[in-house]
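Novice:
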């Protein structure tokens with residue numbers, strides 16, 4: 075995915091605070107192929123100093139996946155999927171975090 079995220083109201087720039095996003099916001103990411111893909115923002119979590127977005131696809135029920143926020147050599151945000159083992163760890167932390175909020 076590229077460095078561009080837009081929420082359902084205004085452009086979300088890399089300098090904006092992730093706290094500006096709220097659960098249920100629709101964000102769009104532009105892939106390397108130039109295609110725009112929409113996701114539902116669920117939450118953001120930190121793990122070992124890295125920040126991950128928890129996202130869901132609009133047509134999927136309860137399916138959450140994670141993208142790590144990194145920066146390229148030019149300082150632009152890029153989003154990468156963690157490996158399967160790390161994704162399992164993130165999902166466990168995510169469900170624990172969500173359970174403690176209820």
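Residue numbers (the numbering used here): 75 to 176. Idealized CB from N, CA, C, for every residue including glycine. Quantities reported herein were computed from a predicted structural model and do not represent experimental measurements.
1. Quick one: what's residue 142 bridged to in DSSP?
2. Return the first residue and the last residue of the beta strand (DSSP E) that residue 120 is part of.
3. Does the separation of the CB atoms of residue 15 and residue 132 fall below 8 Å?
4. Using the beta-carbon count (16 or more within 10 Å), is residue 125 buried or exposed?
5. Would you decide whether residue 94 is buried or exposed? Buried here means 16 or more other CB atoms lie within 10 Å of its CB.
Specialist: Taking the geometry as given:
1. Within the chain shown, numbered from 1, the residue matching residue 142 stands at position 68. 126 and 154.
2. For the purposes of this step, residue 120 is identified with residue 46 of the chain shown, where counting begins at 1. Element bounds for residue 120: 110 to 121.
3. In the structure as shown, the chain starts at 75 and stops at 176, and residue 15 therefore has no counterpart that could be examined.
4. Numbered from 1 along the chain shown, position 51 holds the residue referred to as residue 125. Result: exposed.
5. Position 20 of the chain shown holds residue 94. Exposed: under 16 other Cβ atoms inside 10 Å.
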